[in-house]
Amino acid sequence: MTRAAVVGAGTMGNGIAHVFAQHGWDVALIDSAPAALDKATSTIRNNLERQVKKGTLPAEASAEILGRITTGTALDAVASAELVVEAASENPAVKFSIFEQLDRASAPAAILATNTSSISITEIAARTRRPEQVIGMHFMNPVPVMQLVEVIRGHATSDETTSTVMQAARALGKTPVEVNDYPGFVSNRVLMPMINEAIFCVMEGVATPDSIDTVMKLGMAHPMGPLALADFIGLDVCLAILDVLQKGLGEDKYRAAPLLRKMVAAGHLGKKSGKGFYQYGKS
Numbered sequence: 002m003t004r005a006a007v008v009g010a011g012t013m014g015n016g017i018a019h020v021f022a023q024h025g026w027d028v029a030l031i032d033s034a035p036a037a038l039d040k041a042t043s044t045i046r047n048n049l050e051r052q053v054k055k056g057t058l059p060a061e062a063s064a065e066i067l068g069r070i071t072t073g074t075a076l077d078a079v080a081s082a083e084l085v086v087e088a089a090s091e092n093p094a095v096k097f098s099i100f101e102q103l104d105r106a107s108a109p110a111a112i113l114a115t116n117t118s119s120i121s122i123t124e125i126a127a128r129t130r131r132p133e134q135v136i137g138m139h140f141m142n143p144v145p146v147m148q149l150v151e152v153i154r155g156h157a158t159s160d161e162t163t164s165t166v167m168q169a170a171r172a173l174g175k176t177p178v179e180v181n182d183y184p185g186f187v188s189n190r191v192l193m194p195m196i197n198e199a200i201f202c203v204m205e206g207v208a209t210p211d212s213i214d215t216v217m218k219l220g221m222a223h224p225m226g227p228l229a230l231a232d233f234i235g236l237d238v239c240l241a242i243l244d245v246l247q248k249g250l251g252e253d254k255y256r257a258a259p260l261l262r263k264m265v266a267a268g269h270l271g272k273k274s275g276k277g278f279y280q281y282g283k284s
């Protein structure tokens, strides 16, 4: 496979497009907002320049990689793609609608993947006439840097689809890990309760955010503390994933900390809003 389409030009989408193009794929990057596409192109260009400065990419490669990416606002652009990766907002209704449209617009043999971090692959696949060709392809942020791709099989995902996507992830220089379709998969089922517990510690006055993060960094060898990581992910995204976990698994241990709900309601979403558990200057 050499032709991909990425639906959604936000932080994850532009990173996914970047990685595909860097590894020789022709990429259609699609978003309903032209401004998002302009921002994504600028971000990819800046990240490629950073790679050139670090010496991890030849100077002449940057223009070639950008040249492999075409942008557009219509989903019709997925028609020639062999692999489509949806990277829209983490909202079930949005994803269900997109997959209904992708099923109609994509080539019959195309694999439809979702970058969801927690929403059921089985439910997404049920919105299509090709559930055996629907799979989760959960990249980690920042996509050009992080090694892992969580490959999630829905109830109907075929062995052939899984094998093809595992092989494609390896061709992108990533390490794919196959998991089954349960709420939160592996990554967020393990990570989010830890982040949530750290938030409870702040709420209950056990320690300051910086102290909690320092304990986890120096005591548990985590490269980033759970509260700084929550800010980086987005507190609204953390809350949405915890809600999926609680609803899907039906256990109170996944109940989001009231402080998290309060911060999200106040618009304190972490790095992207300038304020979360820490303050951030404008980028």
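Numbering (the numbering used here), first residue to last: 2 to 284.
Glycine is no exception: its CB is placed at the ideal position from the N, C-alpha and C atoms.
Whether residue i touches residue j by CB criterion (9 angstroms)
i    : j    : result
A37  : G11  : yes
A114 : E151 : no
Y271 : F233 : A small correction: the amino acid at residue 271 is Gly; Tyr does not occupy that position in the sequence shown. Yes, Cβ-Cβ distance for G271 and F233 is below 9 angstroms.
Y255 : N181 : no
L236 : M264 : yes
L260 : V216 : no
D27  : T74  : no
F72  : A41  : Reading off the sequence, residue 72 comes out as Thr, not Phe. Against a cut-off of 9 angstroms, the Cβ pair of A41 and T72 comes out as a contact.
T123 : A157 : yes
V135 : T165 : no
I66  : A110 : no
M287 : F140 : Since the displayed the chain opens at 2 and closes at 284, residue 287 lies outside it and no answer follows.
Minimum C-alpha distance to residue i - residue among the options
i    : options                   : result
T117 : R105, A231 and I99        : I99
N142 : R4, G9 and G16            : G16
P177 : C202, Q148 and P224       : Q148
G137 : S159, P145, G251 and D214 : S159
G185 : F97, V144, I200 and V238  : V238
Distance between beta carbons of residue j and residue i, contact taken as under 8 angstroms
i    : j    : result
S119 : N189 : 5 angstroms
V85  : A6   : 5 angstroms
A229 : L240 : Actually they do not touch by this definition, with Cβ atoms about 17 angstroms apart.
E101 : R128 : 5 angstroms
Whole-angstrom distance between residue j and residue i, CA atom to CA atom
i    : j    : result
Y279 : E83  : 42 angstroms
A169 : M2   : 8 angstroms
E205 : M167 : 43 angstroms
D77  : A106 : 6 angstroms
G226 : M195 : 10 angstroms
S284 : D253 : Below a pLDDT of 50, predicted positions are generally treated as unreliable, and S284, at 47, falls in that range; the measurement from the model is reported next regardless. Near 38 angstroms, if we compare the C-alpha coordinates of D253 and S284.
P59  : R171 : 22 angstroms
K276 : S212 : 18 angstroms
A80  : R69  : 16 angstroms
G220 : A62  : 41 angstroms
M193 : L243 : 7 angstroms
N48  : P224 : 22 angstroms
A34  : V191 : 34 angstroms
G251 : R262 : 19 angstroms
Residue i (DSSP reduced to helix, strand or coil)
i    : result
H19  : helix
A114 : strand
E61  : coil
F186 : coil
K263 : helix
E124 : helix
S284 : Caution is warranted here: a pLDDT of 47 is assigned to S284, below 50, making its placement in the model unreliable, and the coordinate value is therefore given only provisionally. Residue state, collapsed to three classes: coil.
is_contact[residue i, chain C] using C-beta, thresh 9 angstroms
i   : result
K96 : Checking the listed chains, one finds no chain C in this structure; it contains a single protein chain.
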